[in-house]
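At position 283 of the sequence shown (counting the first as 1) the number is 1361 in this note's numbering, and the numbers step up by one without a gap. Don't be surprised by glycine CBs; every beta carbon is placed ideally from N, CA and C. Remember, predicted model here, so these are calculated numbers, not experimental data.
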Amino acid sequence: MVRYSNFLGHRYATSIALQEDTVVKRQNVLSIAVTRDEVGILDINFQGHFRYSRPGLWYRLIQAEADKLELCICTKNIIVDVESANTREPFWNPYWDCQFSSQPKVSTWYFHKTEPSLPQRMRYVGLNDDTQGIIVGCGHEGFVHLETYGHSGKPYNYSQTWSAFPDRVAYICFPLSKGEVITAAWIRELDNDLSIRQPALVVNTSLERTCTFGNYVPRENEHLYRYEPLVKQNAYRITGICYNNKATGSSLQTKIGITHEEKPAGPLPSPPRQAAYTLPNHWIPQWYVSSACLSGVTHVRMFINNKTSHKPTVGMLLSYENHQISLGQYRFDCDVEDFDLTGPMYFFCGDMELRPYVKVICNDGEEKKPDWKEIPRTARLVWWFTAICSQLDVLTT
1079 MVRYSNFLGH
1089 RYATSIALQE
1099 DTVVKRQNVL
1109 SIAVTRDEVG
1119 ILDINFQGHF
1129 RYSRPGLWYR
1139 LIQAEADKLE
1149 LCICTKNIIV
1159 DVESANTREP
1169 FWNPYWDCQF
1179 SSQPKVSTWY
1189 FHKTEPSLPQ
1199 RMRYVGLNDD
1209 TQGIIVGCGH
1219 EGFVHLETYG
1229 HSGKPYNYSQ
1239 TWSAFPDRVA
1249 YICFPLSKGE
1259 VITAAWIREL
1269 DNDLSIRQPA
1279 LVVNTSLERT
1289 CTFGNYVPRE
1299 NEHLYRYEPL
1309 VKQNAYRITG
1319 ICYNNKATGS
1329 SLQTKIGITH
1339 EEKPAGPLPS
1349 PPRQAAYTLP
1359 NHWIPQWYVS
1369 SACLSGVTHV
1379 RMFINNKTSH
1389 KPTVGMLLSY
1399 ENHQISLGQY
1409 RFDCDVEDFD
1419 LTGPMYFFCG
1429 DMELRPYVKV
1439 ICNDGEEKKP
1449 DWKEIPRTAR
1459 LVWWFTAICS
1469 QLDVLTT
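Printed below as a string of structure tokens:
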């Protein structure tokens, strides 16, 4: 029997009393569904049913032998954690942000362990036919978290997407075309034994497009990195990504795995490298980069940080006839403005407190001043950025 009490406006478990008849009369293997929030345990169900389902909750399913049931319970006035004490249980049984009857089938885990314990909270982000793109938050230490979006362009878990430290995390978007799926993935990391590896997610698609969710590495420094595949031998249609969310914590641990269809989609390609660019001549040591041609663009979605006095453009989503390309950051914690591109585009580069920024306007807007430069419709745009800075290079040859 589980007792509950109200605490901070919610009903939390406070004690458990196991009665022999309620356990022994059940099947040999007992499934215990544990539901918690950021404070403590909301529900313990010995029939294996999760009774609550809402954003912000975490779920753990404990499989135990009914006649040898032992639970490890941590209390601080209320119960704050429940796990199996049976040493024959799987060593790692984390909480998930989804309700699973069994853990996701991951054949290859990437795990950079910097602490004695394993991550106790994991996220699962599914990829399906409705997925229009993925957004990855990247920090100086590497991969932070990941989200997907559908036809609206807005992240599914919008309220949980943005980091508690928005000035430390850059958001990189990779739009998917119709029918395009991710078929291979790697983790790029520094090839050393130090605690900081700067893991970056790298993906390849069925259309042989690639994206590196990490800082730009010049060709002369590529030998300092290695690539760890998340799928082995063959490419597969990837159906989900499992990872420990570091957006709200300080842990340097990174654990990432993928789920995929059983049928191979072809041979596994070699890890893709980033295109060669000339780094900005600036004191900032680490940049992210994105690139696109302006030719063929029909629509522009801009992300503008109106919370600052200079109101920089932090990124753009360019729409073409049958695909999209993201430049700079993709941030819905900024103001979003949409334009059908019917006229010229102009840009301005400035500095604020030694940090470069970019402003872009479409269709010869009224904001344009004499020191703004027109972007030729045949130009290639190379957008360098961090979480708080941007620099735009316009290449015309």
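| Item | Value |
| --- | --- |
| Measuring straight from C-alpha to C-alpha, what distance separates Glu1306 and Gly1374? | 36 Å |
| Looking only at its chain, what residues have a beta carbon closer than 7 Å to the beta carbon of Lys1451, apart from the 5 residues adjacent to it on each side? | Tyr1424 and Phe1425 |
| On the criterion of 16 or more Cβ atoms from any shown chain inside 10 Å, does Asp1121 qualify as buried, or is it exposed? | buried |
| Let me know if Cys1289 comes out buried or exposed under the rule of 16 or more other beta-carbons within 10 Å of its beta-carbon. | buried |
| I'd like the span of the beta strand (DSSP E) that includes Leu1139, first residue to last. | Trp1136 to Glu1143 |
| For Val1102, does the three-state DSSP call read helix, strand or coil? | Per-residue confidence for Val1102 stands at a pLDDT of 47, beneath the threshold of 50, marking its modelled position as unreliable; the derived number appears in the next sentence. Looking at Val1102 - three-state DSSP - the assignment turns out to be helix. |
| Between Tyr1130 and Trp1174, how many whole angstroms is the CB-CB distance? I'm expecting something under 8 Å. | Incorrect: roughly 14 Å between the Cβ atoms, too far for contact. |
| For Val1112, count neighbouring Cβ atoms within 10 angstroms of its own Cβ and tell me buried if that reaches 16, exposed if not. | buried |
| Can you round the beta-carbon distance between Tyr1137 and Ile1250 to whole angstroms, since I take them to be within the 8 Å contact cut? | Rounded, the Cβ-Cβ distance is 29 Å, inconsistent with contact. |
| According to DSSP, Asp1413 sits in a beta bridge with which residue or residues? | Ile1382 |
| What three-state label does DSSP hand Arg1458 in the structure shown? | strand |
| Are the CB atoms of Ile1140 and Ala1091 nearer to each other than 8 Å? | no |
| Which term fits Gly1406, buried or exposed, when burial requires 16 or more other beta carbons within 10 angstroms of its beta carbon? | buried |
| Tell me whether Val1102 is buried or exposed, calling it buried when 16 or more other Cβ atoms sit within 10 Å of its Cβ. | Note on Val1102: pLDDT 47, under 50, position unreliable in the model; no value is reported. |
| In the structure shown, what three-state DSSP assignment does Asp1159 receive? | strand |
| Within 10 Å of its beta-carbon, does Gln1311 have 16 or more other beta-carbons around it, so buried, or fewer, so exposed? | exposed |
| Check whether the Cβ of Gly1374 sits closer than 7 Å to any heavy atom of the ligand PLP, and report yes or no. | Because no ligand of any kind appears in the structure shown, any question about the ligand PLP cannot be addressed here. |
| Can you give the beta carbon distance from Arg1199 to Pro1172, rounded, assuming they're within the 8 Å contact cut? | 6 Å |
| Measure how close the beta-carbons of Thr1391 and Ile1403 come, nearest whole angstrom, since I'm counting them as under 8 Å. | Rounded, the Cβ-Cβ distance is 16 Å, inconsistent with contact. |
| Distance, Cα to Cα, Asn1206 vs Val1184? | 17 Å |
| Three-state secondary structure (DSSP) at His1301? | helix |
| Should Arg1287 and Ala1354 be called a contact, given that it needs their Cβ atoms to be closer than 8 Å? | no |
| When we look at the beta-carbon of Arg1409 and count the other beta-carbons within 10 Å, is it buried (16 or more) or exposed? | buried |
| Can you tell me which of Arg1458, Ile1336 and Pro1434 puts its alpha carbon nearest to the alpha carbon of Phe1189? | Ile1336 |
| Would you mind sorting Phe1291 into buried or exposed? The rule is 16 or more other CB atoms within 10 Å of its CB. | buried |
| Assuming Met1079 is part of the beta strand (DSSP E), what are its boundary residues? | Run containing Met1079: none; DSSP gives neither H nor E here. |
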